[in-house]
Amino acid sequence: MEEPRLEERERVQVFAKGAVPEGRAWSMYRKKVLTKAVRIFGPFLVHTSEGTLRCNDGWLCLDVRGNPYPVAAEEFELSHAPALVDFSPPPSGPPPSEP
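Note that this note's numbering numbers the sequence shown so that position 85 is 133, with each residue one more than the last.
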């Protein structure tokens, strides 16, 4: 006997592209932190907190807790831009005096 699908065992809402709630006010959010990412060419596997995920070509990212997750190359290019951040150490010594 087949095990019942998750939707049949528990009352859960199921969403997919083209099947999301309409008529509700959607809020816009921006992430609070920068995303650490490295480009990986070709297929790779990532052991995530939600199981092992395969990415055919894309980016390996780290979440705020340091957990890795993959993002497909096309999706990454649509949703991310390089951060112009200066990681050099601050100058040491007293601040320059004004003339």
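Even glycine gets a Cβ: it sits at the ideal position worked out from N, Cα and C. In this text, all values refer to a predicted model and were calculated from it rather than measured experimentally.
Simplified DSSP state of residue i, which is helix, strand or coil
i: residue 92; result: strand
i: residue 121; result: helix
i: residue 101; result: strand
Beta strand (DSSP E) segment containing residue i, residue limits
i: residue 107; result: 106-110
Residues near residue i in its chain [Cβ-Cβ closer than 6 Å; skip 5 each side]
i: residue 81; result: 112
Cut-off 7 Å between Cβ atoms - residues of its own chain near residue i, not counting five sequence neighbours on either side
i: residue 106; result: 88, 118, 119, 120, 121 and 124
i: residue 110; result: 84 and 116
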